[in-house]
Amino acid sequence: MGIFGTLLSKAAAPALAFLLCWCVVRRAALYVKLRHLGGPWWSGLTHWPHSKAIISPNCHEWYADINERYGLIARIAPGILVTSSPEVWAHVNRHPGYKRSDWYYHACRIEYQRDNVFSQTDNEKHEKRRKQMAPGYSGRENLDLEPTIDQRLEELLGLMRSKYLSTDSKVTPMDLAKKIQYFTLDVISSVGLGKAFGMLRTDSDVDDYLKSTEEGLSAISVACAIGISWMAQSPVIGKFIAPSPTDQNGFGKMIAACFRYVDERTEKPTDERSDMLASFIRHGLNGDELKTEALEQIIAGSDTTAAAIRGTLLQIMTNPRVYAKLQHEIDEASSESL
Numbered sequence: 001m002g003i004f005g006t007l008l009s010k011a012a013a014p015a016l017a018f019l020l021c022w023c024v025v026r027r028a029a030l031y032v033k034l035r036h037l038g039g040p041w042w043s044g045l046t047h048w049p050h051s052k053a054i055i056s057p058n059c060h061e062w063y064a065d066i067n068e069r070y071g072l073i074a075r076i077a078p079g080i081l082v083t084s085s086p087e088v089w090a091h092v093n094r095h096p097g098y099k100r101s102d103w104y105y106h107a108c109r110i111e112y113q114r115d116n117v118f119s120q121t122d123n124e125k126h127e128k129r130r131k132q133m134a135p136g137y138s139g140r141e142n143l144d145l146e147p148t149i150d151q152r153l154e155e156l157l158g159l160m161r162s163k164y165l166s167t168d169s170k171v172t173p174m175d176l177a178k179k180i181q182y183f184t185l186d187v188i189s190s191v192g193l194g195k196a197f198g199m200l201r202t203d204s205d206v207d208d209y210l211k212s213t214e215e216g217l218s219a220i221s222v223a224c225a226i227g228i229s230w231m232a233q234s235p236v237i238g239k240f241i242a243p244s245p246t247d248q249n250g251f252g253k254m255i256a257a258c259f260r261y262v263d264e265r266t267e268k269p270t271d272e273r274s275d276m277l278a279s280f281i282r283h284g285l286n287g288d289e290l291k292t293e294a295l296e297q298i299i300a301g302s303d304t305t306a307a308a309i310r311g312t313l314l315q316i317m318t319n320p321r322v323y324a325k326l327q328h329e330i331d332e333a334s335s336e337s338l
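Take the sequence shown: its position 117, counting from 1, is numbered 117 in full-length UniProt numbering, and each next residue is one higher.
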């Protein structure tokens with residue numbers, strides 16, 4: 001045992017020295033590779049400021065500040081760039097040869113070792129899946145798209161008029177941001193799964209979807225920031241860490257709810273249906289692939305749209321000039337239709 005310990009200690013020093021040298025050389029190579037781009041002085045040396053920003057609730061402002069200070073393309077960590085240029089973003093997505101980074105997109109996987117069209121980093125598989133899903137997302141095969149959205153909009157207006165109208169004697173506050181989330185989730189579940197979640201109808205977070213999403217996104221952000229997101233996809237312990245439909249909170253609970261809707265939907269024929277799920281089925285998606293993409297469409301199609309609507313309404317309501325002009329256009333359109 002003494003001899004073994006001596007040999008081990010003698011071997012450890014060179015191994016540690018080699019590992020240290022390898023880390024220094026690798027970091028130096030990354031630093032030199034992107035030295036022509038602007039960025040904070042520390043951006044070529046450490047990930048910690050970027051990691052701190054990811055965990056914070058104001059990461060988007062941090063990114064914007066970096067681009068304002070250092071240009072349209074700036075380095076924010078070794079090997080990581082951020083851009084505020086739509087032209088650069090379009091170039092990267094339009095031209096072949098660019099590969100999605102595993103460290104980020106695999107961290108965005110919701111299920112254990114299963115990719116959706118967003119998290120898939122293999123370019124050929126990603127392109128094939130996009131072609132299968134494009135008709136459904138484009139609306140070409142959803143003839144009831146606009147009428148379905150109109151129905152949900154009527155439900156939103158009905159909820160506001162029946163429950164949240166203020167009077168001269170009573171002010172009834174309403175969290176418009178939350179109601180917009182209810183609206184977008186009911187819309188995407190209607191056009192995507194063929195059945196609304198019923199959040200507007202019940203004025204509640206059905207199946208705790210919003211709560212589960214917030215918990216899941218928070219956990220993913222922390223794991224990604226401190227560099228342990230890979231653990232949820234590792235062969236040995238990943239299945240015990242990654243979200244599961246048997247979980248009682250977080251993304252797992254949301255997965256269970258979505259899969260239940262898909263199972264109910266696939267029990268019915270798709271020939272006469274025009275929702276996105278029917279389109280996916282007609283173009284070759286089935287089984288786990290179908291559930292994975294249905295889950296992804298709910299996540300991608302609801303919160304992003306809600307953010308856009310809330311931002312637009314905030315701009316209108318806090319800008320009297322814009323509000324007055326919009327009101328004038330509505331009045332003109334209303335009078336012309338009479």
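In this text, a Cβ means the ideal position worked out from N, Cα and C, and glycines have one as well. Being a predicted model, the structure only gives us computed values, none of them experimental.
With DSSP as the reference, please indicate the residues paired to residue i in a beta bridge.
i             : result
isoleucine 73 : Thr83
glutamate 111 : Arg114
glycine 192   : DSSP output for glycine 192 lists no bridge partner at all.
glycine 38    : Ala74
I think residue i touches residue j, with their Cβ atoms under 8 Å apart; what is that distance to the nearest whole Å?
i                 : j              : result
alanine 77        : histidine 47   : 5 Å
leucine 176       : leucine 326    : Wrong, their Cβ atoms sit about 16 Å apart, outside the cutoff.
histidine 50      : isoleucine 80  : 7 Å
residue 343       : glutamine 113  : Nothing can be reported for residue 343, as the shown portion of the chain is limited to 1 through 338.
aspartate 275     : valine 187     : Going by Cβ atoms, the distance from aspartate 275 to valine 187 rounds to 12 Å, so no, they are not a contact pair.
isoleucine 255    : glutamate 111  : 7 Å
asparagine 116    : glutamate 293  : 6 Å
glycine 44        : arginine 75    : 6 Å
isoleucine 309    : isoleucine 226 : About 33 Å separates the two Cβ atoms, so there is no contact after all.
glycine 198       : leucine 277    : Not confirmed; about 17 Å, so no contact.
serine 221        : isoleucine 55  : 6 Å
phenylalanine 118 : alanine 300    : 6 Å
alanine 196       : arginine 152   : 7 Å
aspartate 208     : lysine 178     : Not confirmed; about 14 Å, so no contact.
lysine 163        : aspartate 205  : Going by Cβ atoms, the distance from lysine 163 to aspartate 205 rounds to 16 Å, so no, they are not a contact pair.
Which residues in the same chain as residue i place their Cβ atom closer than 6 Å to its Cβ, once the five residues preceding and following it in sequence are excluded?
i             : result
threonine 121 : Arg100, Asp102, Tyr105
leucine 7     : Because the pLDDT at leucine 7 is just 48, under 50, the model does not fix this residue reliably, and the value given afterwards should be weighed accordingly. The answer is none, since no qualifying residue turns up.
residue 339   : Shown here, the chain extends from 1 to 338; a query on residue 339 therefore has no answer.
residue 343   : Look at the range of the chain in this structure, 1 to 338, and you will see that residue 343 is not part of it.
threonine 148 : Ser190, Val191
leucine 30    : Pro78, Gly79
glutamate 336 : none
serine 279    : Pro135, Gly136, Glu141
serine 302    : Thr184, Leu185, Ile188
histidine 95  : none
histidine 34  : The sequence shown places leucine at residue 34, rather than the histidine named in the question. Around leucine 34: Arg75.
tyrosine 261  : Leu193
alanine 306   : Ile180, Gln181, Thr184
Output needed for residue i: all residues of its chain with C-beta closer than 7 Å, excluding positions within five of it in sequence on either side, in chain order.
i                 : result
valine 92         : Tyr98
phenylalanine 259 : Pro245, Lys291
glycine 250       : Ser212, Glu215, Gly216, Ala219, Pro243
valine 82         : Tyr63, Ile66, Asn67, Ala74, Ile76
lysine 239        : Tyr112
residue 339       : Nothing in the structure corresponds to residue 339, since the chain is present only between 1 and 338.
tryptophan 42     : Pro49
alanine 53        : Cys59, Trp62
histidine 328     : none
leucine 210       : Gln181
Can you give me the Cβ contacts of residue i inside the same chain, cut-off strictly under 8 Å, excluding the 5 residues immediately before and after it?
i             : result
serine 85     : Leu72, Ile73
valine 88     : Leu72, Ile73
alanine 223   : Ala107, Ser229, Met231, Ala232
valine 322    : Gln315, Ile316
histidine 126 : Arg100, Val117, Gln120
Jot down the residue ranges of each uninterrupted alpha helix (DSSP H) in the UniProt region "Disordered" (120-141), minimum 4 residues, whole runs only, in chain order. 123-138
Should the region 122-142 be called in touch with the region 283-300, which here means at least 3 C-beta pairs below 8 Å? yes
I'd like to know if the region 307-322 and the region 162-172 are in contact, where contact means that at least 3 CB-CB pairs between them fall below 8 Å. no
Tell me, please, whether the region 285-299 touches the region 146-163 by the rule of three or more beta-carbon pairs shorter than 8 Å. no
Return the chain-ordered ranges of every alpha helix (DSSP H) run that is complete within the region 174-252 and spans a minimum of 4 residues. 176-193, 199-202, 209-225, 238-241
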